[in-house]
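In the numbering used here, the protein residues as written are 2 to 99.
Every residue gets a Cβ at the ideal spot worked out from N, C-alpha and C, and that includes glycine.
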Amino acid sequence: MSALESTELLSERALRLLQEDAAKIENLIEVQMANLTTRQCPLYEEVLDTQMYGFSREVDFAVRTGLVSGAAGKDILSRLERNLAVLYEALDQKGQTL
């Protein structure tokens with residue numbers, strides 16, 4: 002196996018692992034959307050925020066080491082941030098109707 006092949010395999014694995022971690026966070030978001038518990042439960046928000054921060058550090062590390070392109074890392078983070086924004090907007094709207 003050449004160094005190039007080895008690097009490509011590492012890059013593919015890093016991207017796959019990031020996508021798996023992103024899917025776990027998306028699952029948390031989906032569960033919260035399904036239940037739409039109001040902001041009276043800030044613990045769930047705290048968990049999501051902590052997960053997002055940790056994930057952003059993972060992505061940063063993968064990009065800085067050259068295992069994942071900056072564009073790919075940004076795309077994954079942007080998708081999660083959009084989903085999180087939708088959740089927070091829905092929570093705000095539900096909170097205003099109560």
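Please list, in chain order, all residues of the same chain as residue i whose beta carbon is under 6 Å from its beta carbon, the five residues on each side excluded.
| i | result |
| --- | --- |
| D93 | none |
| E46 | none |
| A4 | none |
Which of the three DSSP states is assigned to residue i in this structure?
| i | result |
| --- | --- |
| T109 | Nothing can be reported for residue 109: it is not among the residues displayed for the chain, which extend from 2 to 99. |
For the alpha helix (DSSP H) that residue i lies in, which residues bound it at each end?
| i | result |
| --- | --- |
| S12 | A4 to N36 |
Which whole-angstrom value is the C-beta distance of residue i and residue j, which I expect to be below 8 Å?
| i | j | result |
| --- | --- | --- |
| V48 | S12 | That belief does not hold up - the Cβ atoms of V48 and S12 are roughly 30 Å apart, past 8 Å. |
| A63 | L19 | 6 Å |
| A166 | F56 | In the structure as shown, the chain starts at 2 and stops at 99, and residue 166 therefore has no counterpart that could be examined. |
Ignore the nearest five residues each way along the sequence and tell me which others in residue i's own chain have a CB closer than 8 Å to its CB.
| i | result |
| --- | --- |
| D101 | The structure shown does not extend to residue 101, since the chain spans only 2 to 99, so no value can be given for it. |
| S53 | Looking at the sequence provided, one finds Met at residue 53 rather than Ser. Correct list, in chain order: I26, L81, E82 and L85. |
So is the beta-carbon of residue i under 7 Å away from any non-hydrogen atom of the ligand FMN?
| i | result |
| --- | --- |
| Q33 | Questions concerning the ligand FMN fall outside what the structure shown contains, since it holds no ligand whatsoever. |
Could you name the residues of the same chain whose beta carbon sits closer than 7 Å to that of residue i, not counting the 5 residues immediately before and after it, in chain order?
| i | result |
| --- | --- |
| L78 | S57 and V60 |
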